[in-house]
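Asks: Dropping a structure here in structure tokens format, bear with me for questions.
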Amino acid sequence: MIRTPLRPLARILRARANGENPSEIEAENRRQRHEQMRDRARNRAESRLLVLGLCFFAAFGAIGLRMGAIAATEPEEPRTAAVGKTVLAAEDFTVVRGGRAVVRAAGVALGEGERLAIVGRSGSGKTTLARALVGLVPARGTVRLAGKAVAPASAELRRAVAMVFQDPSTSFDPRHSVLRIVTEPLFRSGLDAAARRERARQALAQVGLEDVLDRKPHAFSGGQRQRIAIARALIADPRVLIADEAVSALDAALRADVVRLLDGLARERGIALIFIAHDLALVRTLADRIVVMDDGAIVEDARREDLFAAPRHPASRALIAAAAEQAAPHG
Ligand SMILES: Nc1ncnc2c1ncn2[C@@H]1O[C@H](COP(=O)(O)OP(=O)(O)O)[C@@H](O)[C@H]1O
Ligand SMILES: [Mg+2]
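In terms of our numbering, the sequence shown opens at residue -4 and continues consecutively.
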């Protein structure tokens, strides 16, 4: 903006040498001085505007930060994946085992992409509810897929809802190859053997296992077997994955790995997760919402933050106390 004219004397001397008229040069110098002053005035005005603008932004920035801080303490914090329509709902589930109702009028609804934890002490009915939901255990109740009631154990339900259990070795036939185990959900898919093999290879690569298709399950460690179980669960593109104590049998370091893997894959593919655990330690960082079971009944169903901040049921309080105990450093 600011021009730097040649010094007048130097210009006049040079103009004379070039045969120009010095009075014209003086007029030009005056014009330039005038322009310079105008430019300076404009610059001052602009600086003032800039300062004003900065103050404005600082003020709004502070308000924004303050609002951000408030939002962070609200239950609707942004960690939650986009939870949309209900993908799976179980209504009024009752399961009678050995003449006793081990699940009583239980209902849960799972949003698209949501991560729901079902927690409760051992024997509270979590596994029975999960198995009843996919028709593995006879039950009374209604299950809906995206709002539509579906028959228990129907092909539609089996395809939409995959499960990973605590001890995969009990659900793997030791005589079968990893290929056969992992592609089991594809048997009625119409894919030929080569396509199934390729899908299995991809699914296993996603859980970090390469070149394992022709081996038998006993050749793998517990953590690896659980990865194979996850590959099998994901191979047919389910909408919901139920992991029932899927990491409880693993040691602590592996547990966190497998949880991260499950969580990452589910997020990546928009799969809703039901994570079943007998304690709150793991689900604390994983779940959007927590359902607490006690003695066959759902006694609390709350957003994770709300449950930890203000548990309403004694069973919830007991689980929180136990988790705090576990987190506290012991000698
Ligand atoms: N096949 C069965 N026969 C009789 N009782 C059963 C059977 N399966 C589970 N139960 C009982 O149902 C209750 C809930 O078990 P379960 O669903 O495995 O609980 P959790 O998964 O919460 O530990 C327990 O009291 C258990 O003993
Ligand atoms: Mg169980």
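Every residue gets a Cβ at the ideal spot worked out from N, C-alpha and C, and that includes glycine.
If you're wondering where the values come from, they're calculated on a predicted model, not measured in any experiment.
Do three or more CB pairs link the segment 194 to 204 to the segment 268 to 280 at distances below 8 Å?
Replies: no
Asks: Quick check on the DSSP output: what are the complete beta strand (DSSP E) runs of length 3 or more inside the segment 232 to 272, in order along the chain?
Replies: Inside the segment 232 to 272, DSSP marks whole beta strand (DSSP E) runs of 3 or more residues at positions 235 to 239, 267 to 272, from first to last along the chain.
Asks: Once DSSP output is grouped into helix, strand and coil, what is the label at Leu302?
Replies: Of the three classes helix, strand and coil, the one that applies to Leu302 here is helix, per DSSP.
Asks: Comparing the CB of Arg99 with every heavy atom of ligand 1, is any distance shorter than 6 Å?
Replies: Flag unset: Cβ of Arg99 not near ligand 1.
Asks: Given the structure, does Thr122 come close to ligand 2, in the sense that its CB is under 6 Å from one of the ligand's heavy atoms?
Replies: yes
Asks: Quick one: what's got a C-beta closer than 8 Å to Ala267's C-beta in the same chain, skipping five residues either side?
Replies: Answer for Ala267: Val82, Leu83, Leu105, Gly106, Glu107, Gly108, Glu109, Arg110, Leu111, Arg234, Val235, Leu236, Ala261, listed in chain order.
Asks: Output the distance between the C-alpha atoms of Val207 and Leu174, rounded to the nearest integer angstrom.
Replies: 8 Å
Asks: Figure out for me which residue from Asp239, Ala146, Thr137 has the closest Cα to the Cα of Ser166.
Replies: Each of Asp239, Ala146, Thr137 was checked against the Cα of Ser166, and the nearest Cα belongs to Asp239.
Asks: At the level of alpha carbons, what is the spacing between Leu257 and Ala96?
Replies: 32 Å
Asks: Is any heavy atom of ligand 1 found at a distance shorter than 6 Å from the C-beta of Arg92?
Replies: yes
Asks: Counting Cβ pairs, one atom from each stretch, are 3 or more of them under 8 Å apart for the segment 133 to 150 and the segment 311 to 324?
Replies: no
Asks: Among the residues of its own chain, which have a CB less than 6 Å from the CB of Gln321, if the five just before and after it don't count?
Replies: Ala276
Asks: By alpha-carbon positions, which one of Gln201, Leu249, Val132, Arg192 ends up nearest to Gly217?
Replies: Leu249
Asks: Closer than 6 Å to a non-hydrogen atom of ligand 1 - does that hold for the CB of Gly118?
Replies: Yes.
Asks: What is the DSSP secondary structure of Arg210, counted as helix, strand or coil?
Replies: coil
Asks: Rounded to whole angstroms, how far is the Cβ of Arg153 from the Cβ of Val129, which I believe are closer than 8 Å?
Replies: 7 Å
Asks: Determine the DSSP secondary structure at Gly217, reduced to helix, strand or coil.
Replies: helix
Asks: In whole angstroms, what separates the C-alpha of Pro212 from that of Arg220?
Replies: 7 Å
Asks: Can you give the beta carbon distance from Ala228 to Ala157, rounded, assuming they're within the 8 Å contact cut?
Replies: 4 Å
Asks: Beta carbon of Glu295, beta carbon of Val287: below 7 Å?
Replies: yes
Asks: Can you tell me whether Ala319 is buried or exposed, with buried defined as 16 or more other CB within 10 angstroms of its CB?
Replies: exposed
Asks: Please report the distance separating the alpha-carbon of Ala155 from that of Pro180.
Replies: 11 Å
Asks: Around the C-beta of Asp306, are 16 or more other C-beta atoms found within 10 angstroms, so that it is buried, or is it exposed?
Replies: With the sequence shown as reference, residue 306 is identified as Pro, and Asp is not the correct amino acid for it. So Pro306 counts as buried.
Asks: Quick check: what's the CA-CA separation for Arg222 versus Thr89?
Replies: 32 Å
Asks: For a test of the three-state rule: what should DSSP assign to Glu179, helix, strand or coil?
Replies: helix
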